[in-house]
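Novice: Could you have a look at this structure, given as structure tokens, before my questions?
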Amino acid sequence: MKFRYISDNHIHTDCSFDGKDPATMMCEKAVRLGFYAITITDHCECNEYIEKKFAESVRQSWFETRKAAAIFRDRLHVLSGVELGQPLQAQDCAKEVVESFDFDFVLGSLHNIQGEPDFYFLDYSTINLIDYLRRYFDEILDMIEWGCFDSLAHITYPLRYAVAAGIEPPVEYFLQRSDEVLRKLIEKGIGLELNTSKIRLIQDGKLPDVEILRRYYEYGGRYVTIGSDAHRWPDVGFGVEAGMEILHRIGYRRFTVFVRHEPKMIPIE
Ligand SMILES: [Zn+2]
Ligand SMILES: [Zn+2]
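Numbering (the working numbering), first residue to last: 260 to 528.
Below, the structure is given as structure tokens:
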């Protein structure tokens with residue numbers, strides 16, 4: 260299946276501490292792939308907002324995105340966004356960022372639960388994973404209640420590293436808590452991201468994203484955003500078409516791109 264409209268709505272540039280290439284390079288790659296749109300979503304880790312000077316890097320990212328949008332205006336829709344990490348751990352900072360720029364898209368993320376390191380750094384052989392997941396979902400539900408973002412990023416983030424550490428993830432518990440999240444997202448009109456950076460684990464069923472997307476659809480959710488989470492130009496669009504095929508198989512006929520925080524429905528065809 261070759262798609263008419265392809266859009267990658269989770270992209271990091273060198274304005275992220277872990278990004279490698281400038282926005283224009285990411286756009287150039289998207290043009291070469293024949294994409295319809297991309298959204299630049301550099302990091303703003305709210306819990307480290309002051310010490311890591313995110314006010315500066317987010318401002319730079321926004322400016323570089325505007326520049327790229329001007330350069331590519333006849334070839335690609337370049338949308339400006341931010342990946343807002345742990346917003347409730349520094350709510351004033353999160354609010355300041357969201358209100359200071361006329362972003363198209365705010366992705367809400369939770370990379371670490373309050374008072375704990377990033378899931379990436381946890382030693383899964385020693386922690387009580389269910390306890391961590393309980394706190395993860397509690398904080399995500401509070402984030403959705405707060406509501407100042409357009410789509411929830413990579414819901415299975417904590418499980419990636421459990422799988423990588425060879426731990427069997429507690430899928431039943433995860434799905435049960437995901438249900439609460441999905442219903443609340445729908446109630447609030449907030450989208451759900453299909454993050455395709457781990458598309459192979461998703462396709463192999465090692466991460467339960469397909470089942471979560473199926474349930475979101477069944478409960479009436481339609482605002483699925485798709486993003487590769489690319490941190491360097493070769494990864495732009497990684498897994499996006501495979502992700503669209505998954506959505507189509509579930510029954511979705513459109514995916515969502517946020518423009519000025521408004522959901523635009525793009526056909527999957
Ligand atoms: Zn993230
Ligand atoms: Zn990201």
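Ideal Cβ placement from N, Cα and C applies to all residues, glycine included. It should be emphasised that the depicted structure is a prediction, and the values quoted were computed from it without experimental measurement.
Would you kindly check if the distance between the Cβ of Phe408 and the Cβ of Leu444 is under 8 Å?
Specialist: Not closer than 8 Å, so no.
Novice: With three or more beta-carbon pairs closer than 8 Å as the criterion, would you say the region 394-406 touches the region 439-453?
Specialist: The region 394-406, when compared against the region 439-453, does touch it at the 8 Å Cβ threshold.
Novice: Since I believe Gly502 is in contact with Thr455 (beta carbons under 8 Å), could you give me their beta-carbon distance rounded to a whole number of angstroms?
Specialist: The pair is a contact, with the Cβ atoms about 4 Å apart (cut-off 8 Å).
Novice: What separation, rounded to the nearest whole angstrom, lies between the Cα atoms of Leu338 and Val430?
Specialist: Taking the straight line from one Cα to the other gives about 35 Å.
Novice: Can you give the Cα-Cα distance for Leu388 and Ile471, rounded to whole angstroms?
Specialist: Looking at the two C-alpha atoms, the distance is approximately 19 Å.
Novice: Tell me which residues pass a beta-carbon proximity test against ligand 3: closer than 6 Å to any heavy atom, given in chain order.
Specialist: Ligands present in the displayed structure are limited to ligand 1 and ligand 2, and ligand 3 is not among them.
Novice: Exposed or buried, what is Met285 when buried is set at 16 or more other beta-carbons lying within 10 Å of its beta-carbon?
Specialist: It counts as buried.
Novice: So, helix, strand or coil for Lys465, using DSSP?
Specialist: Residue state, collapsed to three classes: coil.
Novice: Distance, Cα to Cα, Ile525 vs Ala296?
Specialist: Whole-angstrom Cα-Cα distance: 11 Å.
Novice: Exposed or buried, which one is Ser390 when buried takes at least 16 other CB atoms within 10 Å?
Specialist: The question names Ser, but residue 390 is Asp in the sequence shown. Counting Cβ neighbours within 10 Å, Asp390 comes out exposed, since fewer than 16 surround it.
Novice: How do the region 328-344 and the region 297-305 stand: do at least 3 beta-carbon pairs fall below 8 Å, yes or no?
Specialist: Touching, per the Cβ criterion.
Novice: Beta-carbon separation of Val422 and Leu460 under 8 Å?
Specialist: In contact: Val422 and Leu460 (Cβ atoms closer than 8 Å).
Novice: May I ask you to list the residues that DSSP assigns as paired with Lys523?
Specialist: In DSSP, Lys523 forms a bridge with Val516.
Novice: At 4 residues or longer, what runs of the alpha helix (DSSP H) sit wholly inside the region 355-432?
Specialist: Correct list: 388-405, 416-423.
Novice: Can you list, in chain order, the residues of its chain with a C-beta nearer than 6 Å to that of Tyr482? Leave out the 5 residues immediately preceding and following it.
Specialist: These residues qualify, in order along the chain: Gly450, Thr515, Pro522.
Novice: Does the separation of the CB atoms of Ala282 and Glu323 fall below 8 Å?
Specialist: Yes.
Novice: Let me make sure I understand the geometry here. Which of Phe364, Pro376, His507, Phe294 has the alpha-carbon closest to that of Arg473?
Specialist: The residue with the shortest Cα to Cα distance from Arg473 is His507.
Novice: Sort out for me which residues DSSP pairs Gly450 with in a bridge.
Specialist: Per DSSP, Ser410.
Novice: How is Val337 classed by DSSP in three states: helix, strand or coil?
Specialist: Val337: strand per DSSP, three-state reduction.
Novice: Just to confirm, does His413 get its C-beta within under 7 Å of one of the non-hydrogen atoms of ligand 1?
Specialist: Answer for His413: yes, Cβ within range of ligand 1.
Novice: Taking a contact to mean a Cβ-Cβ separation below 8 Å, would you say Ala489 touches His271 in this structure?
Specialist: Yes, Cβ-Cβ distance for Ala489 and His271 is below 8 Å.
Novice: Which residue's Cα is closest to the Cα of Asp351: Tyr308, Leu400, Tyr475?
Specialist: For Asp351, the nearest C-alpha among the options comes from Tyr308.
Novice: Check Cys274 in the structure and name its three-state DSSP category.
Specialist: Cys274 falls in the coil class under three-state DSSP.
Novice: Among the residues of its own chain, which have a CB less than 7 Å from the CB of Phe378, if the five just before and after it don't count?
Specialist: Only His370, Asn371, Tyr416, Pro417, Tyr420 meet the Cβ criterion.
Novice: Taking the Cβ atom as the reference point for each residue, do Arg491 and Lys279 lie within a distance shorter than 8 Å?
Specialist: Contact: yes.
Novice: Return yes when the Cβ of Leu400 is within less than 8 Å of the Cβ of Glu439, no when it is not.
Specialist: Cβ distance < 8 Å, so Glu439 and Leu400 count as in contact.
Novice: So is the beta-carbon of Ser368 under 7 Å away from any non-hydrogen atom of ligand 1?
Specialist: Answer for Ser368: yes, Cβ within range of ligand 1.
Novice: How should Arg263 be labelled, buried or exposed, when 16 other C-beta atoms within 10 angstroms of its C-beta is the threshold for buried?
Specialist: Arg263 comes out exposed.
Novice: What residue range does the beta strand (DSSP E) around Ala296 cover?
Specialist: Start and end: 296-304.
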